[in-house]
Amino acid sequence: MSSLICGSVAYDTIMTFDGRFREHILPDQIHMLNVSFLVPGMRREYGGCAGNIAYTLKMLGGDPVVMATVGQDAGPYLQYLDNLGIATDHIRKLDDTFTAQAMITTDLDNNQITAFHPGAMSQSRLNSVAEAVRGDKRPALGIVAPDSREGMLEHARQFAEAGIPFIFDLGQAMPLFNGEDLRQFIELATYVTVNDYEAQVMLTRTAWTSADVAAKVRAFIVTHGERGASVFADGQQYAIPAVQAERLDWETTGRLASLMGALKIAQQGPQNHWISREEIASRFESAFGYRYA
């Protein structure tokens with residue numbers, strides 16, 4: 093299934109501090125904070141919401157197309173996507189800026205300090221869904237993933253105007269939107285997916301209930317981390333994470349999503365969990381007692 097994914101493409105630089113932040117950050121000195129951490133461990137990963145989604149969809153046999161803005165340093169990432177067979181035709185390269193970058197430092201207690209430079213992502217509004225879906229290139233599904241504020245608003249409207257069903261994934265973009273913005277996204281979207289914290293913020297800002305949101309979309313999906321998820325669809329509530337998928341019922345789709353999440357968190361980095369479709373099917377059968385395909 094072809095999908096057009098609008099969202100960020102970013103580099104993640106992940107550093108490990110062999111100590112504890114709390115031993116170096118004094119609560120009574122926060123007003124004059126000046127600290128430096130020695131980070132002997134460092135790695136660079138390919139990341140960004142659109143890149144991460146495309147990676148796993150490709151592994152599942154999908155046909156993802158990424159639409160994003162990147163900077164002058166994007167060459168290695170673009171080559172990487174090309175090697176994976178992921179289309180980059182709608183990734184716009186801007187030569188006067190850098191690709192979005194997240195610099196993450198983690199301590200021994202797994203606390204994190206993150207600095208994020210949006211770079212070219214700030215100009216994602218320059219991309220147009222209409223240009224990406226001309227002729228026979230019309231995708232079966234769109235995704236509006238975390239990106240610049242203007243880009244997310246524009247791409248949601250453009251998907252709706254083109255009559256393309258799309259998933260609204262709020263994620264890390266939550267601070268960018270007020271209640272009116274969120275109500276607009278929900279009214280336009282076909283599916284809405286959030287984690288439990290984002291759901292509470294969304295419901296508070298919109299003054300809507302989960303039932304209100306579910307009534308406006310085909311599926312409202314709320315993940316709860318290790319406690320599973322809730323899917324509100326077809327007038328029912330399912331206790332597993334799910335997205336609409338061809339030829340799969342909600343339970344099977346949710347179980348497949350659960351399996352892919354387990355495979356992902358077993359590896360460091362957002363795009364290091366590649367396994368074959370055959371192995372995915374085998375792992376699914378071992379976990380749930382039947383084959384999904």
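Each residue of the sequence shown is one higher than the one before, starting from 93 at the first, in the working numbering. Even glycine gets a Cβ: it sits at the ideal position worked out from N, Cα and C. Note that the structure is a prediction, hence the values are computed from the model and not measured.
Residue i - DSSP class collapsed to helix/strand/coil
i: P156; result: strand
i: D174; result: helix
i: T345; result: helix
i: T296; result: helix
i: T148; result: helix
i: H316; result: coil
i: Q193; result: strand
i: K308; result: helix
i: S214; result: helix
i: D261; result: strand
i: G133; result: strand
i: L91; result: Since the first residue of the chain shown is 93 and the last is 385, residue 91 is not available in this structure.
i: V221; result: helix
i: R383; result: coil
i: Q329; result: strand
i: A179; result: strand
i: M186; result: What sits at residue 186 in the sequence shown is Leu, not Met. It is coil, neither helix nor strand.
i: G111; result: coil
i: S100; result: coil
Under 7 Å between C-beta atoms of residue i and residue j
i: C98; j: H247; result: yes
i: E242; j: M266; result: no
i: D403; j: R136; result: Residue 403 lies beyond the residue range present for the chain, which begins at 93 and ends at 385; the question has no answer from this structure.
i: Y283; j: I256; result: no
i: V286; j: L262; result: yes
i: A237; j: A142; result: yes
i: Y138; j: Y172; result: yes
i: L274; j: M294; result: yes
i: D288; j: V305; result: no
i: A194; j: A321; result: no
i: T197; j: M107; result: yes
i: F380; j: R347; result: yes
Per-residue burial, residue i [other beta carbons within 10 Å of its own, 16 or more giving buried]
i: P333; result: With a pLDDT of 43 at P333, under the threshold of 50, the modelled position of this residue cannot be trusted; read the value that follows with caution. With 16 or more other Cβ atoms within 10 Å, it is buried.
i: D239; result: buried
i: M159; result: buried
i: V335; result: Residue placement at V335 is flagged as unreliable, the pLDDT there being 39, under the threshold of 50; the coordinate-derived value follows with that caveat. Buried: at least 16 other Cβ atoms inside 10 Å.
i: I183; result: buried
i: N270; result: exposed
i: L118; result: exposed
i: N202; result: exposed
i: A299; result: exposed
Closer than 6 Å: residue i CB and nearest the ligand ADP heavy atom
i: L280; result: With respect to the ligand ADP, the structure shown offers nothing to examine, as it has no ligands at all.
Minimum C-alpha distance to residue i - residue among the options
i: D326; options: K308, G255 and A142; result: K308
i: F312; options: A303, P119 and G320; result: A303
i: L233; options: S94, A379 and R375; result: S94
i: A207; options: D104, E318, D228 and S378; result: D104
i: M352; options: W342, R369 and D341; result: R369
i: K185; options: G211, I278 and S350; result: G211
i: I205; options: E272, D188, F109 and P168; result: F109
i: G177; options: R114, P168, Y169 and K150; result: K150
Touch test, the stretch 124-131 against the stretch 158-174, Cβ-Cβ under 8 Å, three pairs minimum: The way I'd put it, the stretch 124-131 doesn't touch the stretch 158-174; fewer than three beta-carbon pairs between them come closer than 8 Å.
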